[in-house]
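Following: one structure in structure tokens, then a few remarks.
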Amino acid sequence: MMLPTLIGEQNAHLFSFYLDRSVRQGLRYGLGLYGWVYSFPIGDRLAAFDLAAELGALGNQTVITVSQNSYKVWIELTSDSYPHWDSMIQAALTRSQVA
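Taking numbering that gives the first Met the number 0, I'd label the letters of the sequence shown as residues 0 to 98.
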């Protein structure tokens, strides 16, 4: 299991990129490039960490950014799972809501 990295959003370098006919949000942190997965209101810290942990359990490196208003979960773009993140997120969110 890979633990998520937590950083302040002000320390992140954000960018946009084009994939599968849509513009997506990206993040550069250190030497890694990450794609935005899901945003949570600031009061849902546990849900953000649960989602990042779920993705980490599948072998994905994740980053969580925190701002005054939200937590955002990001997954490494080089991950084999990244092209399938939409379905992975829905599955992880469904499991966390049931628990």
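Ideal Cβ positions, reconstructed from N, Cα and C, are used throughout, including at glycine. Note that the structure is a prediction, hence the values are computed from the model and not measured.
Cβ-based burial, residue i [other Cβ within 10 Å; buried from 16]
i: Leu76; result: buried
i: Val72; result: buried
i: Tyr33; result: buried
i: Gln60; result: buried
i: Asp49; result: buried
i: Ile74; result: buried
Proximity to residue i [Cα-Cα], best of the options
i: Phe14; options: Val22, Thr4 and Leu26; result: Leu26
i: Ser66; options: Asn59, Ala52, Ser38 and Gly34; result: Ser38
i: Ile63; options: Leu57, Leu18, Arg20 and Tyr28; result: Tyr28
DSSP bridge partner residues for residue i (one or two, in chain order)
i: Thr61; result: Ile74
i: Phe39; result: Tyr70
### Any beta strand (DSSP E) of 3 or more consecutive residues that is wholly inside the region 4 to 36
4 to 7, 12 to 18 and 21 to 28
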